[in-house]
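Enquirer:
2 protein chains.
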Amino acid sequence: MGKIYRFGNGKADGGAELKNLLGGKGANLAEMAKIGVPVPPGFTLTTEMCNFYTEFGEEALKDSIWNEIKDGISEVEDILGKKFGDSKNPLLFSVRSGARQSMPGMMDTVLNLGLNDEIVEGLAAITNNPRFAWDSYRRFIQMYGDVVLGMTPESKEDLNPFENIIDNYKKELKIKTDLDFDVQNLRILVDRFKNIISERMGIEFPQDPYEQLWLAILAVFRSWMNDRAISYRAIEGIPSNWGTAVNIQSMVYGNTGSDSATGVAFTRNAATGENYFNGEFLINAQGEDVVAGVRTPWQITKKESIEWAIRNNISMEERERSQPSLEELMPEVYKELYKIQTILEDHYKDMQDMEFTVENRKLWLLQTRTGKRTGMAMIKIAMDLYNENMINSEEVIKRIKLSKIDELLHPVFDTEKINVDVLTRGLPAAPGAAVGQVVFFADEVEKYEKAILVRLETSPEDINGMNLAQGFLTVRGGMTSHAAVVARGMGKCCIAGAGEIVIDYKKRIFRVKDKVFKEGDFLSLDGSTGMVYEGKLITKAPKLDENFHQILEIADKLARMEVRANADTPKDAKKAIEFGAKGIGLCRTEHMFFEDDKIKAMREMILAPDTGGREKALAKMLPLQRDDFIGIFEVMKEKPVTIRLLDPPLHEFLPHTVEKQEELAHEIHVPAGKIREAVEHLKESNPMLGHRGCRLGITYPEITVMQTRAIIEAALEVHSKGIDVYPEIMVPLVGKVEEYRLQKQLILDTITKVFEEKKNSVRYKIGTMIEVPRAALTADKIALETEFFSFGTNDLTQMTFGYSRDDTGTFLPTYLKQQVLEVDPFKVIDTEGVGQLMDIASTKGRSVNKDLEIGICGEHGGEPHSIKFVNSLGFDYVSCSPYRVPVARLAAAKAEIDKEN
Amino acid sequence: MGKIYRFGNGKADGGAELKNLLGGKGANLAEMAKIGVPVPPGFTLTTEMCNFYTEFGEEALKDSIWNEIKDGISEVEDILGKKFGDSKNPLLFSVRSGARQSMPGMMDTVLNLGLNDEIVEGLAAITNNPRFAWDSYRRFIQMYGDVVLGMTPESKEDLNPFENIIDNYKKELKIKTDLDFDVQNLRILVDRFKNIISERMGIEFPQDPYEQLWLAILAVFRSWMNDRAISYRAIEGIPSNWGTAVNIQSMVYGNTGSDSATGVAFTRNAATGENYFNGEFLINAQGEDVVAGVRTPWQITKKESIEWAIRNNISMEERERSQPSLEELMPEVYKELYKIQTILEDHYKDMQDMEFTVENRKLWLLQTRTGKRTGMAMIKIAMDLYNENMINSEEVIKRIKLSKIDELLHPVFDTEKINVDVLTRGLPAAPGAAVGQVVFFADEVEKYEKAILVRLETSPEDINGMNLAQGFLTVRGGMTSHAAVVARGMGKCCIAGAGEIVIDYKKRIFRVKDKVFKEGDFLSLDGSTGMVYEGKLITKAPKLDENFHQILEIADKLARMEVRANADTPKDAKKAIEFGAKGIGLCRTEHMFFEDDKIKAMREMILAPDTGGREKALAKMLPLQRDDFIGIFEVMKEKPVTIRLLDPPLHEFLPHTVEKQEELAHEIHVPAGKIREAVEHLKESNPMLGHRGCRLGITYPEITVMQTRAIIEAALEVHSKGIDVYPEIMVPLVGKVEEYRLQKQLILDTITKVFEEKKNSVRYKIGTMIEVPRAALTADKIALETEFFSFGTNDLTQMTFGYSRDDTGTFLPTYLKQQVLEVDPFKVIDTEGVGQLMDIASTKGRSVNKDLEIGICGEHGGEPHSIKFVNSLGFDYVSCSPYRVPVARLAAAKAEIDKEN
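Residue numbers (the numbering used here), protein chains in the order written: chain A, 1 to 901; chain B, 1001 to 1901.
Here it is in structure tokens:
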């Protein structure tokens, strides 16, 4: 293998298959070159070189690679007939990073490399466009200063030093935009840029193109380890040893005049997934102008241009004059671009996000990549590609990013309840609803529980704060601006280009027309419509579309595990069915007891002095609880319903304040002192490890008897209506088989009795939770006696780590910060420790009982990494909250697909 | 194998090696017959027959065995020339139980079986002793009525029904003792006994000897399952499937007149272990008269008879007249008995407890068995036998019952502080001191935290209550009475035969001379002297004798594991050294912080608002803590001292009542509100699973730094005196290797710094507790980084079971009662669950680190079953409280011996 991989002129050393070595961008450039897409020629330094540099440093890298780089340059010179460093016929390069996985804006790029004081004059002469030449030089110095030489802003309220010079000079000249600078102005800007570099950095701007190139390559490799790249990788889970490649590509120019342009195009709509070509471009501009969102770009297709005008209340005449489409402006270029996008999508079999440049009406593709998209678009595109026979069902599921499913299930505003006018509007850059308090700086987002970040534009430095915000509202930028791209990636709401807004960063306020908003004020954003509302709006759950249901059905066919829901009420059960749950994996009976009548009876039971008193109170609870179960069985029909017997310590049911105790005393005619006494008596040092779970059922067997009776009577009643109900009775917190055996016998005796009384029977199962380490360790004993195991990973995590979930606040943040923990083990199963116990338990359990049904009903049951893990252990089902069921169904399918591959 | 095993006439079917099949008594009778000891001939029904009966019932048993029994009877008839059921020359039998392990008094015995209305006259004629014949018949009916027919007392204050008849009849006749009944009286008693049987049971007393025998055999088998036998087995850990054998042995009579006697003899002194022959006997009596303690027996040897007289202030003349020794009364018999006891001890190589009967000056040995003994005697006898070359060192250790070691270590009264006169005195039946409240009925012992059971005599029904009492005081009975035997077996204090005491069970009082004591009054018993004191005396720790030290040294040579002590102060450390600890396995630094100055600084640290404040407070603690460590190092010298870094949650150090908070506020000049706030802030839902252990050291690294500095500075200071100290720094509550790694680095950095500052160094180790299940599961990661593991089995048990040690009171009693748990897992390691984790951890740990030192420092470290278990896992040491060290040393040796065998 070489250290550099060349591409261009219809051929390439590499291809798409070398993504890990060449990075996404480099591999795609090679691939595009091979399939005949016009890409400016160049070459790629591999990701291995990045690691080599990190490990061995600059000198070793130069010894290893410099000659190959010079050969690469020669080859490009031969293809284009230009020469690097030759003022008569100059060849310029872009130098870009390109990692295995796209990290938009995280690392640095340098354009127009190869210009110097002499060559800029040559470029002016050859192109007969001195303004372009000097503007390119101005841009080059600015970028080079920022990226390679490391010029930084002096304070955060300021723009960066070069932008300051530009802004001050504009004021001096009383002009509005960069386009108004003439050649002389640009020359002066170049001087001022060089001066500030000299002043601040103590060096002269380098004039040798080869020196420029070498330093730029190093800067890109270094940028792999910059703070924002490290942050991004931490969020996205990208290992640092992947490294980045460097793409050195000959420059083409979208800014040589009005016959030139630059833009970004998508083969399908990235927001909705609709199958039509679309994109944005700018005339006489370079690529970063589009991405940075400093100028609001025009639409590529006529159709979208018209829609834009309608949305913005602009007449068609005005549109054609001020913002025509590429289709209208350059029909030939448009036609070629359209053909190329078809080729690319057919080739990659996925929606493509392409960067292109038109240099004097010659189209160049700068890169193509799989387009980022909203959750809704992801679903639609995957199903459309499936229906178009471009991808198979496994591929459909692979295309689904689970982190995006949430956004489909997130609330939207209840449109009927919007009682305020629209404050202002922008581009619907990322869908969903967000409500929060205004904050102007990304590093201050954490001041508010729910924050809306309001910015002129966002930049990669903001990534950490953006991750914490509810949504973003930007004054500038389009659908492909930084804020928009990041928001879609994070599944957050974003409204971009809301130009009516005027921000005063220093005063920490913004104005819309005559209204003033300050930091901390509430805003509501509708990222699906672009509407901004004042104050807090009411949200409602979204409706799932048909595509999504189809994908979930595909997932169910591919998955081995079933998905059940944790549901405690008929209402929850309905939601579970709606989201496609195959049963209830956890019905917590104690939640029922918190309702009015039931808590009264419950309290009477707790306060009873003896078994007789408890039985009397339990007799009152029986019909109430039976009704709960009837409601659930009627919804779930023949699907299994796993009902956990009473689990929490009894004191949770008693009032803890003096007022509430007196109230209760009055209500149930018991002296308040007695209630206080009971509360005191039931107090525990460590209730988590105290008198709860089956320990209650063993010390007070009458509770188990009542609950079993309620379940079985309810089952028989619904069964008598012709529904083949399927209760599964679950004993919690078992640590020794003897505990389970006692409870099981009690349950069996009660079932037999109720069957005899009612002269009827139903099918049922009896099983246990595995949530105590000891139960996991002795699962081979327990499995002999039980029909199912349901892993309660919340408690299992608590006991395996020795962490009380309620008390981790004092040390967990430190643990996460110091990387003692990579992730909160209550969110993602700790496979090494807790998972080891689960492995031991399921292996031992199955070794003695092949028919043992195994599931998980802790919070982890809806978390994709955890689902993948339990799938690898051969579990039969996961159970999670109803809203997580769709994600769990997809995750279960993915887990099975990943296993096969 | 036959179903019955014959013995007698110098030969036997079985022998000592068949103890499991024949029971201890049967095997010994066979063995004795074989070595030429005169035992009355008979045969043994095997323990297998007991299980056969339990499983298949009476009919099946009779079908299986009846013919063999009849054959056995014929053979005895042939040997003795008597005939069973023949009134002319009657053969009578005793029927006794005999299990694999002696269960004194637990099961039933019937003597004189084979008598009826006709045969009694024949026996009277042949022996020419009608009184003996009728007394035997009277005794037979009484025992048969109790044991076989199941006559029971009507209320507990009454004696049993037969005893009532006797007592009433004595009053009627105005006589004092049973010996005063003449033949006519005995005939009337026999009539009255037969009448009450007929009245109460509705049956006539059976006249057919074969029927009598069969029913008696069944009664003995049934008695294996009676309540008191089940209780006893539960306490002693005897499985019920062992069963009991039945020994049917021809009767010989100690009650045929003044040429007859019966007694119990020991080859050595059962209380002190001294090597001289001793025992007690009664003239003209049957065996149960000695055991029941109804009559106070005479001494066998002249020496002891004289000592008895001196102790009781009786003149030698009076002694010779009223209570001469066997040695004096029947010198020939005594000589033969003396010879036999020598044969038996040489044969069995252990102190023997023999029952004998003299029938018309012919000596018969009824049984021999390994004699029960006090802890002190156990030690002395084992060492004496070792020194006499009768047993080897392994056998010495095997002879040590660990449950008896406690009694050697138990407090005795501080004789200098006895400020009350002796109330009364009795026999020093079982040594040690006991202080408690008087209670008169065994089933009421639990009314008092510490109770002294005061009885005329005790009986097997009392076994449960006796197990709970501190000690026993009986009015009747000798050293071999039930109370005395049981007390020595339990390692409790007992004074027997304190005849001055007059008990009124109905009024629940007793009198000594003119003093009256009621239930609940305090008494102090000195079981080593026989002195009874009024009120509560002060106790002091016993001194260990030379024999015990020698045995501990033998144990150390045989043990593989070392024994360390848990010691937090120089005083504890001294005690540890005294008891032979090889180091400190756990020094809990937090205990030091509870002292005056230190707790003040500790509180300042906790209340400090920031790291700076904490460091300031810690600086004050440093010299104080350093001094603690200097004191400990000076005591322990070159032995390892394992010091655990701060472990408990910080709120444990703050005052929790308002008064104490205000006091503290005043003391350290901080507003009380702030202290209240801090207490509130530090409050945790489950402190056991909260901010403690290394979680403190990671969030507040300055604590770890200060403690490490204190340890190392102290070590260097003591080292500079020429002592090669050996600190081992232990990080608590590690669950992930990352936690350990962070703490280890901090410790290493601090050590390096202190070494540099002091320009000196000491050897040290750094290691961790294994007390969190996750640590055990990932021990292969942790062991790579650490030098030792110390298992904290208290916490490991808490987390593995999910039991908070402070909160188990609500369900643990039920769990033990319902046999969910066989034993409290905080007392004895749960080998199945917790032990499995320990096995995983030590195996994984050693697999990656062969030099890993492994120990245990939880409460289980001093518990023999747990020591045996950790020895089987290959641990290097156990650590326990100093007072448990001797037991642990012996247990460690036993564990290793058991492993080899």
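Where a beta carbon is used, it is the ideal one built from N, C-alpha and C, also for glycine. These numbers were taken from a predicted model, which means no experiment stands behind them.
1. Using the beta-carbon of each residue, which ones in chain B are nearer than 7 angstroms to M860 of chain A?
2. Any idea what DSSP makes of V705 of chain A, helix, strand or coil?
3. Spatial neighbours of R1373 of chain B within its chain, please: CB distance less than 7 angstroms, with the 5 preceding and 5 following residues excluded, ordered by chain position.
4. Can you confirm whether H656 of chain A, when its beta carbon is compared against all beta carbons of chain B, has any partner nearer than 8 angstroms?
5. Tell me which same chain residues have a C-beta within less than 6 angstroms of the C-beta of M1001 of chain B, skipping the five on either side of it?
6. Can you give me the C-alpha to C-alpha distance between F1007 of chain B and L1777 of chain B, rounded to a whole angstrom?
7. For A498 of chain A and V445 of chain A, which I take to be in contact (beta-carbon distance under 8 angstroms), what is that distance rounded to the nearest angstrom?
8. With 16 other CB atoms within 10 Å as the buried threshold, where does G24 of chain A fall?
9. If you measure beta-carbon to beta-carbon, which residues of the stretch 1732-1759 of chain B are closer than 9 angstroms to chain A?
10. Alpha carbon to alpha carbon, what distance is there between V120 of chain A and V887 of chain A?
11. Hey, could you find the ends of the beta strand (DSSP E) I632 of chain A is sitting in?
12. For chain A, check one thing: does any of its Cβ atoms lie closer than 8 angstroms to the Cβ of E1199 of chain B?
13. Any beta-carbon of chain B closer than 8 angstroms to the one on D597 of chain A?
14. So if DSSP puts I1283 of chain B in a beta bridge, which residue, or which two residues, is it bridged to?
15. Please name the residues in the stretch 636-652 of chain A whose beta-carbon is closer than 7 angstroms to at least one beta-carbon of chain B, in chain order.
16. What distance in whole Å lies between the Cβ atoms of E590 of chain A and D647 of chain A, which are believed to be in contact at a cut-off of 8 angstroms?
17. Could you tell me which whole alpha helix (DSSP H) segments of length 4 or greater appear in the stretch 359-388 of chain A?
18. So with CB distances below 7 angstroms, who are the chain A contacts of P1239 of chain B?
19. Which residues in the same chain as E1638 of chain B place their Cβ atom closer than 8 angstroms to its Cβ, once the five residues preceding and following it in sequence are excluded?
20. Using the Cβ count rule (16 or more neighbours within 10 Å means buried), how would you classify I1577 of chain B?
21. Give a yes or no on whether the minimum CB-CB distance between N1686 of chain B and chain A is below 8 angstroms.
22. Short of 6 angstroms in beta carbon distance, which residues of its chain neighbour R511 of chain A, apart from the five on each side in sequence? Order them along the chain.
23. Specify whether the stretch 1734-1753 of chain B and the stretch 1781-1792 of chain B touch according to this definition: at least 3 beta carbon pairs, one from each stretch, less than 8 angstroms apart.
24. Decide if S1305 of chain B is buried, meaning its Cβ has at least 16 other Cβ atoms within 10 Å, or exposed.
25. Contact between the stretch 1187-1195 of chain B and the stretch 1038-1057 of chain B is defined here as three or more beta-carbon pairs at a separation below 8 angstroms; is this criterion met?
26. Quick check: the stretch 1798-1815 of chain B against the stretch 1826-1836 of chain B, are at least 3 beta-carbon pairs closer than 8 angstroms?
27. Any beta carbon from chain A within less than 8 angstroms of R1774 of chain B's own beta carbon?
28. Does the beta carbon of L716 of chain A sit closer than 8 angstroms to a beta carbon anywhere in chain B?
29. On the DSSP bridge assignment, give the partners of M1730 of chain B in chain order.
30. Less than 8 angstroms between the C-beta atoms of E9 of chain A and I79 of chain A, yes or no?
31. Let me confirm a value: P1671 of chain B is counted as buried when at least 16 other C-beta atoms fall within 10 Å, else exposed. Which label applies?
32. M799 of chain A versus chain B: which residues are under 7 angstroms apart at the beta carbon?
33. Could you name the residues of chain B that E832 of chain A contacts, counting a contact when the two beta carbons are closer than 7 angstroms?
34. According to DSSP, is K1513 of chain B part of a helix, a strand, or is it coil?
35. Please list the partners that I698 of chain A has in chain B, where partner means a Cβ-to-Cβ separation under 8 angstroms.
36. Which chain B residues sit within Cβ distance under 8 angstroms of H691 of chain A?
Expert: For this structure:
1. Correcting the residue identity first, residue 860 of chain A is His in this sequence and not Met. In chain order: nothing, as chain B lies at least about 16 angstroms away.
2. helix
3. A1270, G1273, M1351, I1381, R1488
4. no
5. Residue confidence is low: M1001 of chain B scores 48 on pLDDT, short of 50, so the model does not pin down where it sits. No coordinate-derived value is stated.
6. 59 angstroms
7. In fact, because the Cβ distance is near 19 angstroms, the residues do not count as touching under 8 angstroms.
8. buried
9. L1733, G1735, K1736, E1738, E1739, R1741, L1742
10. 56 angstroms
11. Unbroken run through I632 of chain A is the alpha helix (DSSP H), 611-636; no beta strand (DSSP E).
12. no
13. no
14. B:A1261
15. Listed by position, the residues of the stretch 636-652 of chain A near chain B (Cβ gap below 7 angstroms) amount to none.
16. Between the beta-carbon of D647 of chain A and that of E590 of chain A there is about 6 angstroms, and that keeps the pair under the 8 angstroms contact cut.
17. 375-387
18. What P1239 of chain B touches in chain A: nothing, since even the nearest Cβ is about 18 angstroms away.
19. I1723, D1724, V1725, Y1726
20. buried
21. yes
22. V502
23. Three or more beta-carbon pairs separated by less than 8 angstroms link the stretch 1734-1753 of chain B to the stretch 1781-1792 of chain B, which places the two stretches in contact.
24. buried
25. no
26. yes
27. yes
28. Under the 8 angstroms criterion on CB atoms, L716 of chain A is classed as non-interfacial with respect to chain B.
29. Here M1730 of chain B is bridged, per DSSP, to B:R1644, B:G1767.
30. It should be pointed out that residue 9 of chain A corresponds to Asn in this sequence rather than to Glu. Annotated as proximal: N9 of chain A and I79 of chain A, with beta-carbon spacing under 8 angstroms.
31. exposed
32. P1773, M1799, G1802
33. T1778
34. coil
35. Within chain B, the residues near I698 of chain A are F1811, T1814, Y1815, Q1818, V1820.
36. Going along chain B in sequence order, the residues near H691 of chain A (Cβ under 8 angstroms) are D1807, T1810, F1811.
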